[in-house]
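> Dumping the structure here so I can ask a few things about it.
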Amino acid sequence: MKAEIISVGTELILGEIVDTNAAYLASELPLLGIDLYWISQVGDNQPRIVELLRRAWDRSDLILVTGGLGPTEDDITRESIAELLGEEMKVDPDLEKWLRGLFARIGWEMPERNIKQAMLVPSASAIPNSRGSAPGWWVRRGGKMLIAMPGPPGEMQWMWYHEVREKLKGEVTRAIIVSRTLKLLGIGEARVDEVLSHLLSSRNPSIGTYAKPTGIELRLTAKAPTQAEAEALIAPLEAKIRVIVGDKIWGIDAEVLERVVGDLLRKRKLTLATMESCTGGLVGDLITNVPGSSDYFKGGIVAYSNGVKIAFGVDERLIAEHGAVSSQVAVAMAEAARRTLGADVGVGVTGV
């Protein structure tokens, strides 16, 4: 099944908010075995929304639309879907009763402009919204599905999880997509591409290469009827990769560097101390964010000025000869931190 996500809202186009809805849905669809092909954003303009919907209707089996279901004049997702389908919107009596009751329960009289939220077209059924006043639409026609959900992330995620996700499972051919992420340091993206070139053409499982602040990530992805079968497809490919770049792999999946380093220190019964200049204590902050880091972290020194570096044991002549931003001074800072705080391992950080 080919899926497409369309996020509606001028605030997205202007960069005023980040499209977290699309990111959330993109992470959910693989769990249902649904292939996501396209993600689009469009402002609150009916001709452009309809144009995008028509393109999606022609090329996708499942269209997920978020946003534009509010009561205001620029909330025009319903109108756009109605135009796409060539169907007339009419007030649904049950939805109107629910909506008026929603306002009555908080002691308000429903503004008449909210009546548009009680409208449906013949091909759509309402999706309950227990977090707001905007019901979703579930359209089924010609073997295709279009699901419209509200834009506020809290409402959208609740509706997806409680009203859409489970029902959608029964609408799709069951398949599982499983990913395994290998995290590397000490090797560049071009070099990874070079040494793994004979494996990169694999399709199921596939390999994706991504450059991240913490190094290179290799994402191995497989699709199969069950999770066990998908994992069995990934395992031999991962084994081949580990033979080639295993010494560069520091973690997998959701592991973070500071926790991996901490586990290694604890396992080897080693302690750590830091002296930082340009990072101003950031390394120490990352280390101490890990629960139990007091088992191995002695402490850190923020030595931003040369005077503080010298006070804690960095040779003044070394700074004069090589400059504060040099490998020689970084080593001296690491040694000074280790010696001053009585640790087994010292880390020195200097730079600009």
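Numbering (my numbering), first residue to last: 419 to 770.
All C-beta atoms in this analysis are idealised placements derived from N, C-alpha and C, irrespective of residue type, glycine included.
What residue range is occupied by the uninterrupted alpha helix (DSSP H) comprising L430?
Here the alpha helix (DSSP H) through L430 covers 428-431.
> Check this for me: beta carbons of G664 and V678, under 8 angstroms apart or not?
For G664 and V678, no; Cβs fall outside 8 angstroms.
> Based on the DSSP secondary-structure assignment, which residues constitute the bridge partners of R637?
Looking at the DSSP assignment, R637 forms a beta bridge with T599, G626.
> For V596 and R473, I'd like the C-alpha separation in whole angstroms.
Roughly 29 angstroms between the two C-alpha positions.
> If we ignore side chains and look at the alpha-carbon of each, how far apart do T484 and P568 end up?
If you take the alpha carbons of T484 and P568, they lie about 5 angstroms apart.
> From which residue to which residue does the beta strand (DSSP E) around T484 run?
Where T484 is concerned, the enclosing beta strand (DSSP E) stretches over 480-484.
> Given this structure, state the Cα-to-Cα distance separating E505 from A653, to the nearest angstrom.
Looking at the two C-alpha atoms, the distance is approximately 50 angstroms.
> Would you kindly report the start and end of the unbroken beta strand (DSSP E) that includes L690?
That run of the beta strand (DSSP E) goes 690-694.
> Out of V763, E607, A742, N439, point me to the one whose CA is closest to P631's CA.
Measuring from the Cα of P631, the nearest candidate turns out to be E607.
> Taking C-alpha atoms, which residue in G633, S723, G731 lies nearest to V770?
Of the candidates G633, S723, G731, the one whose C-alpha sits nearest the C-alpha of V770 is S723.
> With R549 and W576 assumed to form a contact (beta carbons below 8 angstroms), what rounded beta-carbon distance in angstroms separates them?
The pair is a contact, with the Cβ atoms about 5 angstroms apart (cut-off 8 angstroms).
> On a Cα-Cα basis, can you pick out the residue from P540, T644, D671, L638 that is closest to I659?
Nearest C-alpha to I659: L638.
> Helix, strand or coil for L617 per DSSP?
L617 falls in the coil class under three-state DSSP.
> Around the C-beta of N707, are 16 or more other C-beta atoms found within 10 angstroms, so that it is buried, or is it exposed?
Classification of N707: exposed, given that the 10 Å Cβ count is below 16.
> Flag this pair as yes or no: are the beta carbons of V810 and E739 separated by less than 8 angstroms?
This structure cannot speak to residue 810, because the chain is shown only from 419 to 770.
> Here's a check: name, in chain order, each residue in its chain whose Cβ is nearer than 7 angstroms to the Cβ of N547, leaving out the five neighbours to either side.
Here the set comprises P553, G554, P568, E573, M577.
> Could you give the C-beta distance for A691 and G718, rounded to a whole number, given that I count them as a contact under 8 angstroms?
At roughly 7 angstroms, the Cβ-Cβ gap stays under 8 angstroms, so A691 and G718 are in contact.
> Does R735 pass the burial test, meaning 16 or more other C-beta atoms within 10 Å, or should it be called exposed?
R735 should be labelled exposed.
> On the CB-based measure, 16 or more other CB atoms within 10 Å of its CB, does G766 come out buried or exposed?
With 16 or more other Cβ atoms within 10 Å, it is buried.
> Got a sec: is the Cβ-Cβ distance from I705 to anything in chain E below 8 angstroms?
No chain E is present in this structure, which holds just one protein chain.
> Going by beta-carbon coordinates alone, are A500 and V539 separated by less than 8 angstroms?
Yes.
> How long is the line joining the alpha carbons of N439 and G488, rounded to whole angstroms?
Their backbone Cα atoms lie some 16 angstroms apart in a straight line.
> Pick helix, strand or coil for R686, following the three-state DSSP scheme.
Three-state DSSP puts R686 in coil, outside helix and strand.
> Between V747 and K685, what straight-line distance do the alpha-carbon atoms span, to the nearest angstrom?
Going by the C-alpha atoms only, they are around 29 angstroms apart.
> Cutting at 8 angstroms between CB atoms, please list the residues of its own chain near K562, excluding the five before and the five after it.
Same-chain partners within the cutoff: W475, S478, D479, L480, I481.
> Between L704 and the rest of its own chain, which residues show a CB-CB distance below 6 angstroms, the 5 nearest in sequence each way excluded?
Closer than 6 angstroms at the Cβ level, and outside the excluded window around L704, lie E676.
> Can you give me the C-alpha to C-alpha distance between L688 and E753, rounded to a whole angstrom?
C-alpha separation (whole angstroms): 15 angstroms.
> How is the beta strand (DSSP E) around G717 delimited, first residue to last?
Segment 715-720, the beta strand (DSSP E) holding G717.
> What are the boundary residues of the beta strand (DSSP E) that V557 is part of?
Segment 554-559, the beta strand (DSSP E) holding V557.
> Starting from the C-beta of P618, find all residues in its chain whose C-beta is less than 6 angstroms away, skip the five residues before and the five after it, and write them out in chain order.
It should be pointed out that residue 618 corresponds to Leu in this sequence rather than to Pro. Once the five neighbours on either side are set aside, the close Cβ partners of L618 are I625.
> Between D462 and D492, which are expected to be in contact by the criterion C-beta below 8 angstroms, what is the C-beta distance as a whole number of angstroms?
So it is a contact: roughly 4 angstroms between Cβ atoms.
> Could you pull out every residue in the same chain whose Cβ sits closer than 6 angstroms to the Cβ of T758, ignoring the five residues on either side in sequence?
Excluding positions up to five away in sequence, the list reads F730.
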